[in-house]
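What follows is a set of notes on a single structure, which appears directly below.
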Amino acid sequence: MILSLVYKDLLQAFKDKKGMMLSFLLPIVLIALFAMVYGSFGNSTEDKAQDLVFCDEDSTALSQKLNKELIAEKGLRLVYRKQEEGKKLVLDGKVTSMLLVGKGFADSIASGGGAPLEYFYDESKEMEMGLTQGALLSVLMPFLGEQSGKGQVHGFIDEKYANELPQDIIDEIHADIDSEFSADNESNTANNTTLKSTALSVKEDMPWGLIQAFAGTSVMMLLFSITGMGSSLI
């Protein structure tokens, strides 16, 4: 009895070609459309290196070493500009973010103080910014931990033993420190340094919430339009 009712309902459903098209074909088309749009967008951002403006105002051996470490990171592609030029690139939307290495960077690290670093980013590109910042921090935090720890130990040796030991012995101690020091056992020193982040936008009072709401409404209207077109064609 139940099977016969199900069979009749299926026959009735298959007779209604318009209903079948709307029930099966239209969802498949919409799923394929969204998969194509979001899939291509994801590949365009995640699969390629993110541009990062590197502005070095310290110009020391340590800042150049940081530069080399960032070059080796596959998720980043460095662009070199002065501070104002770099900010303009971010504001114009040509790059997502900029790392500013301020003057006194090497001296601050050597003394165990906070590093004068600032990260500028385009607040309208949250996904790209997240990818760039993640790749940047994966290099920056271990680097700062290692260098800050080295600086503190070197400073302690110079302060305590400069007048008590021959210079060649002190130089040998420093060489041993450099060869044995690792970012792994001194990574906690990186916690003393926080990366200051500053959002850049052409209009500071840009109503991003309103823009996102408008975009969402537009997508919904597009879906309704596609549904209406499908109904009229059938």
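My numbering applies: residue 61 is where the sequence shown begins, and numbers increase by one. Positions of the beta carbon are idealized from the N, C-alpha and C atoms, including for glycine. Only a predicted model underlies this, so the values are computations on that prediction, with no experimental measurement involved.
Three-state class that DSSP yields for residue i in the structure shown
i      : result
Lys163 : coil
Lys256 : strand
Asp118 : coil
Val199 : helix
Supposed contact pair residue j and residue i - C-beta distance, whole angstroms, cut 8 angstroms
i      : j      : result
Gly162 : Asp182 : No, Gly162 and Asp182 are not in contact; Cβ-Cβ is about 21 angstroms, not under 8 angstroms.
Tyr179 : Ser157 : 6 angstroms
Leu260 : Leu200 : No, Leu260 and Leu200 are not in contact; Cβ-Cβ is about 19 angstroms, not under 8 angstroms.
Gly194 : Pro176 : About 22 angstroms separates the two Cβ atoms, so there is no contact after all.
Glu117 : Leu160 : 7 angstroms
Val203 : Leu126 : Before going further, note that residue 203 is Phe rather than Val in the sequence given. Right, the Cβ-Cβ distance comes to about 6 angstroms (below 8 angstroms), so this counts as a contact.
Ala92  : Leu122 : Contact doesn't hold; Cβ gap of about 52 angstroms is too wide.
Residue i - containing beta strand (DSSP E), residue span
i      : result
Glu178 : 177-182
Arg137 : 136-140
Boundaries (first-last residue) of the alpha helix (DSSP H) holding residue i
i      : result
Val155 : Val155 -> no alpha helix (DSSP H), and no H or E assigned at all.
Three CB pairs or more closer than 8 angstroms across the stretch 108-119 and the stretch 146-154 | yes
Please determine if the stretch 134-142 and the stretch 160-179 are in contact, where contact requires at least 3 C-beta pairs separated by less than 8 angstroms.
-> The stretch 134-142, when compared against the stretch 160-179, does not touch it at the 8 angstroms Cβ threshold.
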